[in-house]
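Sequence order for the protein chains is A and B. Residues in the first sequence are numbered from 178 upward in steps of one, following the working numbering. Residues in the second sequence are numbered from 7 upward in steps of one, following the working numbering. Glycine included, every Cβ here is placed at the ideal spot set by N, Cα and C. Since the model is a prediction, treat every value here as computed from it, not as a measurement.
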Amino acid sequence: MDAIKAEALEKRFATTVALDKVSFTIDQGELFGFIGPDGGGKTTLFRILVSLLTPDAGRAQVLGFDVVRDYRALRLRVGYMAGRFSLYPDLSVEENLTFFASVFGTTVEREYAQIEPIYVQLEPFRNRHAGALSGGMKQKLALCCALVHRPDVLFLDEPTTGVDAVSRREFWDLLGVLKQGGLTTVVSTPYMDEATRCDRVALMHRGKLLGLDAPSGIIAAFDRPLLGVHAAQRYKALLALRKYEHAHSAYPFGDVLHYTDARTDLPAEAIGADLKRFLDASGFSDASVEPLTPTVEDSFIARTESDSGSRTPDPGRLQ
Amino acid sequence: MSDLAIQVKDLTRRFGDFIAVDRISFEVKEGEVFGFLGANGAGKTTAIRMLIGLLQPTGGTARVAGYDVATQAEQVKRSIGYMSQRFSLYEDLTPRENIRLYGGIYGLTREQIRTRTAQMLDRLGISSVADTAVRSLPLGWRQKLAFSVALVHQPRIVFLDEPTSGVDPITRRQFWELIYDAAANGTTVLVTTHYMDEAEYCDRISIMVAGRIAAMGAPMQLKRDSQVASIDELFVQLARPDGPTRPTRPSSPSGEGSR
Chain A
178 MDAIKAEALE
188 KRFATTVALD
198 KVSFTIDQGE
208 LFGFIGPDGG
218 GKTTLFRILV
228 SLLTPDAGRA
238 QVLGFDVVRD
248 YRALRLRVGY
258 MAGRFSLYPD
268 LSVEENLTFF
278 ASVFGTTVER
288 EYAQIEPIYV
298 QLEPFRNRHA
308 GALSGGMKQK
318 LALCCALVHR
328 PDVLFLDEPT
338 TGVDAVSRRE
348 FWDLLGVLKQ
358 GGLTTVVSTP
368 YMDEATRCDR
378 VALMHRGKLL
388 GLDAPSGIIA
398 AFDRPLLGVH
408 AAQRYKALLA
418 LRKYEHAHSA
428 YPFGDVLHYT
438 DARTDLPAEA
448 IGADLKRFLD
458 ASGFSDASVE
468 PLTPTVEDSF
478 IARTESDSGS
488 RTPDPGRLQ
Chain B
7 MSDLAIQVKD
17 LTRRFGDFIA
27 VDRISFEVKE
37 GEVFGFLGAN
47 GAGKTTAIRM
57 LIGLLQPTGG
67 TARVAGYDVA
77 TQAEQVKRSI
87 GYMSQRFSLY
97 EDLTPRENIR
107 LYGGIYGLTR
117 EQIRTRTAQM
127 LDRLGISSVA
137 DTAVRSLPLG
147 WRQKLAFSVA
157 LVHQPRIVFL
167 DEPTSGVDPI
177 TRRQFWELIY
187 DAAANGTTVL
197 VTTHYMDEAE
207 YCDRISIMVA
217 GRIAAMGAPM
227 QLKRDSQVAS
237 IDELFVQLAR
247 PDGPTRPTRP
257 SSPSGEGSR
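Below you can see the structure in the form of structure tokens.
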């Protein structure tokens, strides 16, 4: 049985289409990511799946329960961590946890095995008010509270937003540990680099799924040679690349520029040689060009470019 | 006038027994893009609140745009722009109304506001939605508008606190082009981010760990010195030297040290 099955889910708020016929299935035991920027529909989707919101059209089942009809049974079996910190800031770490356990008719002691890998990191702060924790620690406490009734499916809506790069890694390490225990986990995130931590991901933008696959599959579907350009004058080189007659796209990625060519029939080496000549002639003789493996972020950019709903001029893409 | 936009010397802030910012020193040159990085709870927000004149230091000095943050906080506030991810624009107002509001607060004349409004709407390519409530604009547009509004009074320095959080990858990059543009026109930019690729876009960065500046320099230089492939890697090394579970600060009896 699928852990989750969604068929043509739709939701509107006034004139905004938050979800536009979204369909997918998620397997038991899968660590599944919805990746995309704010406003893409991730939170709306999660709220529907945990029965806090009803869809306008389409249907969804979680663990075989219909999210509208069977909401009472469903709620006992899912864990949900909302995007906003929603614990009691003036209760201590321990009090929050005890409270959530008691709401579900259980105790922290009885469920300790489930939360142990996370709780050991919180233990030094056991008596601190939840509101006084650092961002990363707040997220770990919220995760504990969502797990304390031993749910079969865990929904985490943007657990790592606003969290520093190190705490984000630690959080994903914890999700890996939970996966070992067989828990089905559905996570949303705006950080594209987190996609590789998931078994499968759905790229989500403006209420639609732009793709759904294993991260390696998303990357393999990138259909042009990708070249990396290093140049000391990075920003000037970027502006120059955009003016190159064969350019398809040019974007900064950290300290390197990612370039794709409009000529789809040339191999990467030939494009690279042409590009190097162009850069030399444009005064960037120090520039180096190398073929690159695309990332999920490259794929997301390529797919949002072709989903041309954008009304702002897009400087990365030649019109 | 000095060509240093920000001069910080031994800046310190204590909350009771807890030292949130512990004798940090750095300088930012005019027109520089300075990345101010650090883990959650490392003291970044406390440091920035002192630099923008919202929080008194308990030790050390800081001059921003030539003014002392402890004794000339009002002059500091007038000389800087500030934008955060959480709140910057009035969402019930339109882009045009937001620009007029902030222009008025900073004492621009009607004529100046008119000129600036036309320039900004044109630069951002949003003239078509100039009279639509900000609430109904995509997040990426709102953030770009918020940045422009932070520059409405042409401040010498602009502070950007996680300006690109949650923004889509294309808009995130467009946002950085606005930053480069502002810097090329002489505006100094101090920016925080959790996207480590963005750290590489800065002229120089500092990384705060437990109230101190643990590393500072040009991204390329820092990577070379520490023999790491990316700033992300350096960040991990510095922020968790003893592994992942080390508490980063002592339990404080009250919630005072929270950020």
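Residue of the options minimising C-alpha distance to residue i
i	options	result
residue 319 of chain A	A:266, A:433, A:221	A:266
residue 222 of chain A	A:182, A:191, A:254	A:182
residue 106 of chain B	B:66, B:83, B:157	B:157
residue 434 of chain A	A:249, A:445, A:316, A:403	A:403
residue 298 of chain A	A:278, A:344, A:358	A:344
residue 150 of chain B	B:89, B:160, B:194, B:110	B:89
residue 113 of chain B	B:131, B:201, B:84, B:127	B:84
residue 165 of chain A	A:454, A:446, A:478, A:378	No answer is possible for residue 165 of chain A: the residues shown for chain A start at 178 and end at 496.
residue 500 of chain A	A:347, A:273, A:331, A:328	Here chain A covers residues 178 to 496 and nothing more, so residue 500 of chain A does not appear.
residue 418 of chain A	A:456, A:445, A:383	A:456
residue 131 of chain B	B:141, B:148, B:117	B:148
residue 442 of chain A	A:392, A:423, A:246, A:459	A:423
residue 430 of chain A	B:159, B:202, B:33	B:202
residue 127 of chain B	B:64, B:104, B:58	B:104
residue 372 of chain A	A:396, A:420, A:324, A:357	A:396
residue 35 of chain B	B:228, B:230, B:196	B:196
residue 2 of chain B	B:233, B:192, B:154, B:51	Residue 2 of chain B lies beyond the residue range present for chain B, which begins at 7 and ends at 265; the question has no answer from this structure.
DSSP state of residue i mapped onto helix, strand, coil
i	result
residue 168 of chain B	coil
residue 279 of chain A	helix
residue 439 of chain A	coil
residue 126 of chain B	helix
residue 21 of chain B	strand
residue 16 of chain B	strand
residue 252 of chain A	helix
residue 209 of chain B	coil
residue 246 of chain B	coil
residue 495 of chain A	With a pLDDT of only 40 at residue 495 of chain A, under 50, the local geometry of the prediction cannot be trusted, and the value read off the model is given with reservation. Coil at residue 495 of chain A, not helix or strand.
residue 310 of chain A	coil
residue 238 of chain A	strand
residue 161 of chain B	coil
residue 88 of chain B	strand
residue 132 of chain B	coil
residue 189 of chain A	strand
residue 464 of chain A	coil
residue 143 of chain A	The structure shown does not extend to residue 143 of chain A, since chain A is modelled only from 178 to 496, so the question has no answer here.
residue 446 of chain A	helix
residue 29 of chain B	strand
residue 58 of chain B	coil
Nearest-angstrom Cβ-Cβ length linking residue i and residue j, presumed shorter than 8 Å
i	j	result
residue 369 of chain A	residue 218 of chain A	No, residue 369 of chain A and residue 218 of chain A are not in contact; Cβ-Cβ is about 17 Å, not under 8 Å.
residue 258 of chain A	residue 350 of chain A	Residue 258 of chain A to residue 350 of chain A, Cβ: 17 Å. No contact.
residue 181 of chain B	residue 213 of chain B	Not quite, the Cβ-Cβ distance comes to about 22 Å (not below 8 Å), so this is no contact.
residue 210 of chain B	residue 38 of chain B	7 Å
residue 194 of chain A	residue 384 of chain A	5 Å
residue 71 of chain B	residue 13 of chain B	About 10 Å; that fails the 8 Å criterion.
residue 376 of chain A	residue 391 of chain A	7 Å
residue 467 of chain A	residue 394 of chain A	Actually they do not touch by this definition, with Cβ atoms about 24 Å apart.
Proximity of residue i and residue j at Cβ, strictly below 8 Å
i	j	result
residue 251 of chain A	residue 239 of chain A	yes
residue 361 of chain A	residue 205 of chain A	yes
residue 184 of chain B	residue 221 of chain B	no
residue 226 of chain A	residue 237 of chain A	yes
residue 408 of chain A	residue 475 of chain A	no
residue 76 of chain B	residue 215 of chain B	no
residue 174 of chain B	residue 146 of chain B	yes
residue 54 of chain B	residue 164 of chain B	no
residue 480 of chain A	residue 388 of chain A	yes
residue 17 of chain B	residue 49 of chain B	no
residue 235 of chain A	residue 186 of chain A	yes
residue 322 of chain A	residue 277 of chain A	yes
residue 141 of chain B	residue 98 of chain B	yes
Outcome for residue i when other beta-carbon atoms lying within 10 angstroms are tallied against a minimum of 16
i	result
residue 207 of chain A	buried
residue 262 of chain B	In this prediction, residue 262 of chain B has a pLDDT of 37, which is less than 50 and means its spatial position is unreliable; nothing more can be read from the coordinates.
residue 499 of chain A	Here chain A covers residues 178 to 496 and nothing more, so residue 499 of chain A does not appear.
residue 125 of chain B	exposed
residue 282 of chain A	exposed
residue 188 of chain B	buried
residue 204 of chain B	buried
residue 256 of chain B	The predicted position of residue 256 of chain B is uncertain, since its pLDDT is 40 and thus under 50; a value taken from the coordinates is nonetheless stated next. Classification of residue 256 of chain B: exposed, given that the 10 Å Cβ count is below 16.
residue 273 of chain A	buried
residue 1 of chain B	Absent from the structure is residue 1 of chain B, since the part of chain B shown begins at 7 and ends at 265.
residue 188 of chain A	buried
residue 41 of chain B	buried
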